[in-house]
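Below you'll find the structure, written out as structure tokens, and then a few comments.
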Amino acid sequence: MLKTFNVLSGLIFLACAVLQWNDPDPLLWITLYVLAAMSCALVFANIKAAKFHLGLVAVYVIYAVYLFMAEDGVLSWMLDHQFESLTRSMMASAPWIENTREFGGLFIMTLVCAINLFVQRQTSGQDAQLSEQPANS
């Protein structure tokens, strides 16, 4: 089930990376989505990379907090714009729409990478316990 989760998540992140070409800051968002896809690929290949996952979670959370608190961020969308529809087209006069959408993407990437981190830490702990058990004679 974890492999299926990571294949689907990784493919979605790659599709999102491709869709970022028309974004105002495409290189940043392509990089963020490709790194999330790499997280999924590492878990799928059973490659231990807990520090990589932890680093991604940290970067995504820090950037999400910034987008939440920014002048035209999520908090502004909630308080100043009363949860205005995010399905409107992007306009320079409504930057909170872009920032809130980006926050949502970061939230999803953070969630997937945190799940991958948790799973890898759980399996690493189980592997360590198995290696400490004496072999039956």
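Counting with the working numbering, you get residues 1 to 137 for the letters of the sequence shown. Where a beta carbon is used, it is the ideal one built from N, C-alpha and C, also for glycine. Owing to the predicted nature of the structure, the values given are computational and were not obtained by experimental measurement.
| Inter-stretch contact at 8 angstroms, needing at least 3 Cβ pairs: the stretch 35-51 / the stretch 65-73 | no
| From Val65 to Ala45, what does the alpha carbon distance come to, in whole angstroms? | Here residue 65 refers to the residue found at position 65 when the sequence shown is read from its first residue. Here residue 45 refers to the residue found at position 45 when the sequence shown is read from its first residue. So the two alpha carbons sit approximately 31 angstroms from each other.
| query | Under 8 angstroms between the Cβ atoms of Thr100 and Trp77? | reply | Stepping through the sequence shown from its first residue, residue 100 is reached at position 100. Stepping through the sequence shown from its first residue, residue 77 is reached at position 77. Yes.
| query | Nearest-angstrom Cα distance between Pro26 and Ala58? | reply | Walking along the sequence shown from the start, residue 26 turns up at place 26. Walking along the sequence shown from the start, residue 58 turns up at place 58. Between Pro26 and Ala58, the C-alpha separation is close to 21 angstroms.
| request: Report yes if the C-beta of Gln122 is less than 7 angstroms from at least one heavy atom of the ligand GDP; otherwise report no. | output: Among the components modelled here there is no ligand, and therefore nothing to report on the ligand GDP.
| said: Do Ile30 and Gln20 count as a contact pair if the criterion is CB distance below 8 angstroms? | reply: The residue labelled residue 20 in the question sits at position 20 within the sequence shown. The residue labelled residue 30 in the question sits at position 30 within the sequence shown. In contact: Gln20 and Ile30 (Cβ atoms closer than 8 angstroms).
| message | Just to check my reading of the structure: Ser39 and Val112 have Cβ atoms closer than 8 angstroms, yes? What is that Cβ distance to the nearest angstrom? | response | Stepping through the sequence shown from its first residue, residue 39 is reached at position 39. Stepping through the sequence shown from its first residue, residue 112 is reached at position 112. So it is a contact: roughly 7 angstroms between Cβ atoms.
| request: Put Pro95 into one of helix, strand or coil per three-state DSSP. | output: Position 95 of the sequence shown, counting from 1, holds the residue named residue 95. Helix at Pro95.
| task | Measure the CB-CB distance between Ala41 and Ala17 and report whether it falls below 8 angstroms. | result | Within the sequence shown, residue 41 is the residue found at index 41, counting from 1. Within the sequence shown, residue 17 is the residue found at index 17, counting from 1. In this structure, Ala17 does not lie closer than 8 angstroms to Ala41 by Cβ.
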